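Engineer:
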Amino acid sequence: MPKRCSKCKHNYANPAAAFGRCSRNRDGLRYDCKRCQADVQRKYIRRPEVKARRNATNRAWYRQNVERETARKRAYSLTRYHQRKRDKARWLVTLYRLRRDNGKP
Ligand SMILES: [Zn+2]
Numbered sequence: 700m701p702k703r704c705s706k707c708k709h710n711y712a713n714p715a716a717a718f719g720r721c722s723r724n725r726d727g728l729r730y731d732c733k734r735c736q737a738d739v740q741r742k743y744i745r746r747p748e749v750k751a752r753r754n755a756t757n758r759a760w761y762r763q764n765v766e767r768e769t770a771r772k773r774a775y776s777l778t779r780y781h782q783r784k785r786d787k788a789r790w791l792v793t794l795y796r797l798r799r800d801n802g803k804p
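Right, here's the structure in full:
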């Protein structure tokens, strides 16, 4: 049975996929669709006080995990360094073949 979102008034043919779950409701689904819910979430995390709180939490976590974070970043940049080098070498080979096959210098 199709279901209409109470916020955007859009009709969904497959409510189970378009609506989040809510056990309190008779059909077990929320009143608003996932897209409307995503909008609400997006607006919420963009609120300055929410951003400030999150930044403070993240900063506090970072201060307590500096060494761990430094090691993680170092490991990541090392792998990315070699990956980039490989990608560039492969791309140069491709470029060389393309130019050769097209008869350009
Ligand atoms: Zn909606």
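For the sequence shown, the working numbering begins at 700 and goes up steadily by one. Ideal Cβ positions, reconstructed from N, Cα and C, are used throughout, including at glycine. Model, not experiment: these values are computed from the prediction.
Does ligand 1 have even one heavy atom less than 6 Å from the beta-carbon of C732?
Structural biologist: Yes, Cβ of C732 sits closer than 6 Å to a heavy atom of ligand 1.
Engineer: So, N713 versus R703, is the Cβ gap smaller than 7 Å?
Structural biologist: Not a contact, by the Cβ cut-off of 7 Å.
Engineer: Please go through the same chain and pick out, in chain order, the residues whose beta-carbon is closer than 8 Å to the beta-carbon of N658, but skip the five residues on each side of it.
Structural biologist: This structure cannot settle anything about residue 658, because the visible part of the chain is limited to 700 through 804.
Engineer: Which two residues bound the contiguous beta strand (DSSP E) that contains R720?
Structural biologist: Looking at the DSSP string, the run of the beta strand (DSSP E) that includes R720 is F718 to R720.
Engineer: Should C704 be listed as close to ligand 1, given that the test is whether its C-beta is under 6 Å from any heavy atom?
Structural biologist: Because some heavy atom of ligand 1 lies under 6 Å away, the Cβ of C704 counts as near it: yes.
Engineer: In three-state terms, what does DSSP make of N710?
Structural biologist: Note: N710 maps to strand in three-state DSSP.
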